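Working notes, beginning with the structure itself.
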Amino acid sequence: MKTVYVETSILSYLAARPTRDLLAAARQQMTREWWDTRREGFDLYISPLVDQEARRGDPEAARRRIGALGGLPTLEIVEEAYALAAALIAEGALPRTAKHDATHIALASVHGMDYLLTWNCRHIDNAETKPIVRSVCAAHGYSCPEICTPEELMGDQDEG
Numbered sequence: 000m001k002t003v004y005v006e007t008s009i010l011s012y013l014a015a016r017p018t019r020d021l022l023a024a025a026r027q028q029m030t031r032e033w034w035d036t037r038r039e040g041f042d043l044y045i046s047p048l049v050d051q052e053a054r055r056g057d058p059e060a061a062r063r064r065i066g067a068l069g070g071l072p073t074l075e076i077v078e079e080a081y082a083l084a085a086a087l088i089a090e091g092a093l094p095r096t097a098k099h100d101a102t103h104i105a106l107a108s109v110h111g112m113d114y115l116l117t118w119n120c121r122h123i124d125n126a127e128t129k130p131i132v133r134s135v136c137a138a139h140g141y142s143c144p145e146i147c148t149p150e151e152l153m154g155d156q157d158e159g
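The structure is reproduced here in structure tokens:
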């Protein structure tokens, strides 16, 4: 099966309380739909960074995010990932303020993930920066995973 690195924003939308914010509500619904109907078609992975980020903030919300992890396998944070994350920042793919975002991308790349699933469209799933991210990964000998949202990884909706 194809592999998916699940970034923290997915858990946040999955475990969030209902909201009146239309965009957030749509993302929550799309995330739940993907989680309920598509996740079993992939091998899902997280990292210690995802676990650490999921535990932050309001204790009740953190409990729901951790519960959503459901024992997903954890990728090891290896030195190569730190080096690639530093290169992503140094070579202009991501800003200096996005160290954790660079680390998520680097971990998924170094571990050969097929997809990086995220709702972080500011730094990770950004159409303007993804070509630079792919270029930096390739220059350092890694294949960049396909960075996408749950909406983009829904597959053929007509499959029966």
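Those letters in the sequence shown? Residues 0 to 159, by numbering that gives the first Met the number 0. Cβ atoms here follow ideal geometry from the backbone N, Cα and C, with glycine treated the same way. What you are looking at is a predicted structure, and each value in this text was computed from that prediction instead of being measured.
Review point. Does DSSP classify residue 135 as helix, strand or coil?
Key: helix
Practice item. Within its chain, find whatever has a CB closer than 7 Å to the CB of residue 169; leave out the 5 residues flanking it on each side and keep chain order. Key: What is shown of the chain runs 0 to 159, which leaves residue 169 out entirely.
Review point. Pick from 61, 92, 91 and 107: whose alpha carbon is nearest that of residue 77?
Key: 107
Check your understanding: How about residue 139 and residue 86: do their beta carbons lie closer than 8 Å?
Key -> yes
Exercise for review: Check residue 109 in the structure and name its three-state DSSP category.
Suggested key: helix
Practice item. Please report how far the alpha carbon of residue 24 lies from the alpha carbon of residue 56, in whole angstroms. Key: 20 Å
Check your understanding: From residue 134 to residue 112, what distance separates their C-alpha atoms?
Key -> 16 Å
Point to revise | Residue nearest to residue 34 in terms of C-alpha spacing, selected from 99, 124, 75 and 12 | key: 12
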